[in-house]
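Below is one structure, written out as structure tokens; comments come after it.
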Amino acid sequence: MTTNAITPPSVRTTGLDDAVDAMADILVGRPIAILTGAGLSTDSGIPDYRGEGSRVVNPMTISQFLGDETARKRYWAGSHLGWRRFMSVQPNAGHRAIAALELAGVANGVVTQNVDGLHLRAGSRRVVDIHGSSDRVRCLSCGQIFSRDGVAERMAAANPWLNAPEGVELNPDGDVVIEHYGDMVVPSCTVCGGDLKPEVVFFGEFVPTEKFAEASALVRGAEALVIAGSSLTVNSGIRLLDQAAKRRIPIVIVNRGTTKGDGRATLKIDAGTSEVLGALAERLTASV
1 MTTNAITPPS
11 VRTTGLDDAV
21 DAMADILVGR
31 PIAILTGAGL
41 STDSGIPDYR
51 GEGSRVVNPM
61 TISQFLGDET
71 ARKRYWAGSH
81 LGWRRFMSVQ
91 PNAGHRAIAA
101 LELAGVANGV
111 VTQNVDGLHL
121 RAGSRRVVDI
131 HGSSDRVRCL
141 SCGQIFSRDG
151 VAERMAAANP
161 WLNAPEGVEL
171 NPDGDVVIEH
181 YGDMVVPSCT
191 VCGGDLKPEV
201 VFFGEFVPTE
211 KFAEASALVR
221 GAEALVIAGS
231 SLTVNSGIRL
241 LDQAAKRRIP
251 IVIVNRGTTK
261 GDGRATLKID
271 AGTSEVLGAL
281 AERLTASV
């Protein structure tokens, strides 16, 4: 594997077709690792915390969740309301394009900062959900893992007043804003009686060491890195970009608006991920 390839200077293009052509020229013949963020799932109806036009929200921090029973009730009430709606969304063209690239042997897998599970549902096989997945729940005391569906059933039974209203506005992690939660009954662990937490990385929480090692290995096994739909504000994404930059392999960023990695990108495309990745997959899988 080539690890000392010199990254060419950033490419300037005048239109989307030219940009995708330039992207394909950079990536052709190279095993690709892909990193995705919230911007990839906006076309599925899940909003982005930081994208242009995003609502101003204050996601719960891990310290709030762990230290305040009222905060936990508020989180679980909003999270439960958003759960069915969150799971009803479908993969979009960007997710399907990434799955097609992996199936064709062009990409070696995808690292995602999203917790929506849409990559797996689109057909991707090697998915590193670096911030966890909202379909799993863990006991904070004994570590037992539960299906989110099972916990949701218990929560609905314990809180029959809690019904998901039509038109509920989702946050990127599947939570919604809720005003009334004082009567919320949060189910506990059926094994030890401990507190439950969705197996996702909250703001202020560290990515598990083994999970980041898996993501890092995927990037090490590639000769190019594509970053799609991430502003690279979160440290985990920057660390993977740093890893690719140190190896001097090509880095292509596809995102609406600026990112913290634009200055180190071989190519930055300011456009939607669905259209760009869909066009890229057509080009790179045509001869496979």
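Residue 1 is where the sequence shown starts when you use the UniProt record's numbering, and the numbers rise one by one after that.
All residues carry an ideal CB built from backbone N, CA and C; glycine is no exception.
Residue nearest to Leu280 within the set Ala71, Ala97 and Asp68 is Ala97 (criterion: CA-CA distance). No Cβ-Cβ contact shorter than 8 angstroms links Met155 with Pro198.
Sequence-distant Cβ neighbours of Gln90 in its own chain, meaning closer than 7 angstroms and more than five residues away, are Ser44. Straight-line measurement puts the Cα of Ile62 at about 6 angstroms from the Cα of Gly204. Note on geometry: alpha-carbon atoms of Thr259 and Ala271 lie some 13 angstroms from one another. Sorting Gly229, Gly263 and Asn255 by C-alpha distance to the C-alpha of Asp242 places Gly263 at the top.
Under the three-state reduction of DSSP, Asp135 is assigned to strand.
Per DSSP, Ser44 is not a residue of any beta strand (DSSP E), being assigned neither H nor E. Non-local C-beta neighbours of Gly37 in its own chain, meaning closer than 6 angstroms and more than five positions away in sequence, comprise Gln113, Gly229 and Ser230, ordered along the chain. Counting of Cβ neighbours within 10 angstroms places Arg220 among the exposed residues, the total staying below 16.
When secondary structure is reduced to three states using DSSP, Ala286 falls in the coil class, being assigned neither helix nor strand.
For Ile249, no beta strand (DSSP E) segment is defined, and its DSSP state is neither H nor E. Distances from the alpha-carbon of Phe206 to those of Asn235, Leu162, Ile269 and Leu267 put Asn235 closest. With respect to Ala244, Leu225 sits close: the two C-beta atoms are nearer than 8 angstroms.
A residue is called buried once 16 or more other Cβ atoms fall within 10 Å of its Cβ, and Ile251 is buried on that count.
In this structure Gly132 touches Val115 by the C-beta definition: roughly 6 angstroms separates them, less than 8 angstroms. In this chain, Lys260 is not harboured by any beta strand (DSSP E), its DSSP state being neither H nor E.
Annotated three-state conformation of Ala104 is coil, per DSSP.
DSSP places Val219 within a helical segment (H, G or I) once states are collapsed to three.
Around the beta carbon of Trp161, a 10 Å sphere encloses fewer than 16 other beta carbons of the protein chains shown; the residue is thus reported as exposed.
Counting every other CB atom within 10 Å of its CB across the protein chains shown gives Asp149 a total below 16, marking it as exposed. The beta-carbon distance between Arg283 and Val20, rounded to whole angstroms, is 7 angstroms. This is short enough to meet the 8 angstroms contact definition. Taking a 10 Å sphere around the C-beta of Cys189, we find 16 or more other C-beta atoms and assign the residue as buried.
For Glu69, the enclosing alpha helix (DSSP H) starts and ends at Glu69 to Ser88. Where Ala156 is concerned, there is no enclosing beta strand (DSSP E), although the alpha helix (DSSP H) around it starts and stops at Arg148 to Ala158. Counting other Cβ atoms within 10 Å of its Cβ, Cys139 reaches 16 or more and is therefore classed as buried.
Assignment of beta-bridge partners to Lys268 by DSSP yields Ile253.
For the pair Gly261 and Glu275, the Cα-to-Cα distance works out to about 21 angstroms.
DSSP, read as helix, strand or coil, puts Glu214 in helix.
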